[in-house]
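Working notes, structure below.
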Amino acid sequence: KRLLVEEYTKKQFSENEKVEIFLRIKGLDSVVVKTFEIDCQAYYRKHGSPFSELIDLDGLLPTYTQELNLAGVSPLSTIRRGFAFPDIQSKTRGIFVIEFQGGGMSTRAVIKKGGLTLINQPTSQGVIFNVVNEKKELCKGEGIGILFSGQYYKCDSKGDILIPYSTSQVSGQAVVIYGGFADLVPVSIPSENYAFLTSLQFNEESLVPGNMAKLIVHPKLIFNGRAINISLVKNVRATISSTNDQEIGR
8 KRLLVEEYTK KQFSENEKVE IFLRIKGLDS VVVKTFEIDC QAYYRKHGSP
58 FSELIDLDGL LPTYTQELNL AGVSPLSTIR RGFAFPDIQS KTRGIFVIEF
108 QGGGMSTRAV IKKGGLTLIN QPTSQGVIFN VVNEKKELCK GEGIGILFSG
158 QYYKCDSKGD ILIPYSTSQV SGQAVVIYGG FADLVPVSIP SENYAFLTSL
208 QFNEESLVPG NMAKLIVHPK LIFNGRAINI SLVKNVRATI SSTNDQEIGR
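The sequence shown begins at 8 in the working numbering and counts up one residue at a time.
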């Protein structure tokens with residue numbers, strides 16, 4: 008007996024693409040086919056890890072069931088049969104487990120449709136993320152957010168999702184949510200690291216005893232390696248210390 012999913016069977020399908028699974032069958036009277044649609048958001052919330060093909064389906068009800076009768080096929084013959092799934096083809100996104108059972112054996116295929124990724128832009132307040140779908144389109148509207156480190160961050164009207172900085176770097180898997188679909192994406196939020204740099208410009212000939220010299224100060228505010236708006240610095244005071252060529256302070 009044999010019941011195997013062919014190795015060349017696709018696992019990722021685009022929108023409206025025909026979904027078809029190919030099996031190699033031998034010595035079976037019938038094959039029962041069950042389709043399970045996975046609640047991606049619930050799965051990733053619970054496990055926090057990539058989807059496993061070994062998921063326990065006990066207690067889950069199939070969304071679709073069909074049976075292939077092979078009573079007229081010789082038990083010595085190996086046949087290759089394709090199974091089409093128009094119900095999955097009509098879906099835009101989702102993860103589906105197709106289980107095949109027959110002769111006391113079972114095999115399964117996992118089909119994924121669509122996907123979500125993130126693009127990010129560091130700012131002075133935190134990292135702004137935008138959700139991008141499988142067509143490289145920016146996702147906007149209700150039901151879009153990121154679940155990260157136990158906190159849910161909702162997008163605004165522009166599709167921006169702000170995750171603030173923390174006192175230390177935080178890295179992990181984020182559940183990216185769009186409507187009824189979810190995907191797992193690695194996210195890293197750096198810690199806050201500020202640096203205030205200055206340079207001076209002056210006329211050396213004006214530096215004589217008893218003379219009032221003018222200095223031009225060029226400040227620069229650096230945040231996590233990027234220059235940011237100096238106007239964020241408030242109530243600025245400058246203290247200038249000088250030494251002569253003998254390292255004596257004045």
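In this text, a Cβ means the ideal position worked out from N, Cα and C, and glycines have one as well.
These numbers come from a predicted model, not from an experiment.
TODO: Answer yes if the segment 116–135 comes into contact with the segment 157–177, meaning at least three C-beta pairs across the two stretches below 8 Å, and no otherwise.
DONE: yes
Open item on the list: Does Gly-109 pass the burial test, meaning 16 or more other C-beta atoms within 10 Å, or should it be called exposed?
Closed with: Residue mapping note: residue 109 aligns to position 102 of the sequence shown, counting from 1. Gly-109 is buried by the Cβ-count criterion.
Task: Euclidean distance between Cα positions of Ala-49 and Arg-100 - done: Within the sequence shown, numbered from 1, the residue matching residue 49 stands at position 42. Within the sequence shown, numbered from 1, the residue matching residue 100 stands at position 93. Spanning the two alpha carbons is a distance of roughly 15 Å.
Open item on the list: Rounding to the nearest angstrom, what Cα-Cα distance links Val-182 and Glu-211 in this structure?
Closed with: Here residue 182 corresponds to residue number 175 of the sequence shown, with the count starting at 1. Here residue 211 corresponds to residue number 204 of the sequence shown, with the count starting at 1. Near 59 Å, if we compare the C-alpha coordinates of Glu-211 and Val-182.
Task: Segment limits, beta strand (DSSP E) that includes Ile-229 - done: Walking along the sequence shown from the start, residue 229 turns up at place 222. Residues 223–230.
Open item on the list: So the candidates are Gln-73, Leu-191, Met-219; which of them puts its Cα closest to the Cα of Ile-153?
Closed with: Here residue 153 is taken as the residue at index 146 of the sequence shown, counted from 1. Per the Cα distances, Leu-191.
- [ ] Under 6 Å Cβ to Cβ from Ser-213, same chain only, skipping five residues before and after it: list those, please.
- [x] Numbered from 1 along the sequence shown, position 206 holds the residue referred to as residue 213. Result list for Ser-213: Ala-220, in chain order.
TODO: Within the same chain, show all residues whose beta-carbon is closer than 6 Å to that of Gln-73, passing over the 5 residues directly before and after it, in chain order.
DONE: Your numbering for residue 73 matches position 66 in the sequence shown. For Gln-73, where only same-chain residues beyond five positions count, the Cβ hits under 6 Å are Val-40.
Task: Cβ neighbour criterion (16 or more within 10 Å) applied to Tyr-185 - done: Here residue 185 refers to the residue found at position 178 when the sequence shown is read from its first residue. Tyr-185 comes out buried.
Open item on the list: DSSP three-state label for Tyr-50, please.
Closed with: Along the sequence shown, one-based indexing puts residue 50 at 43. Helix.
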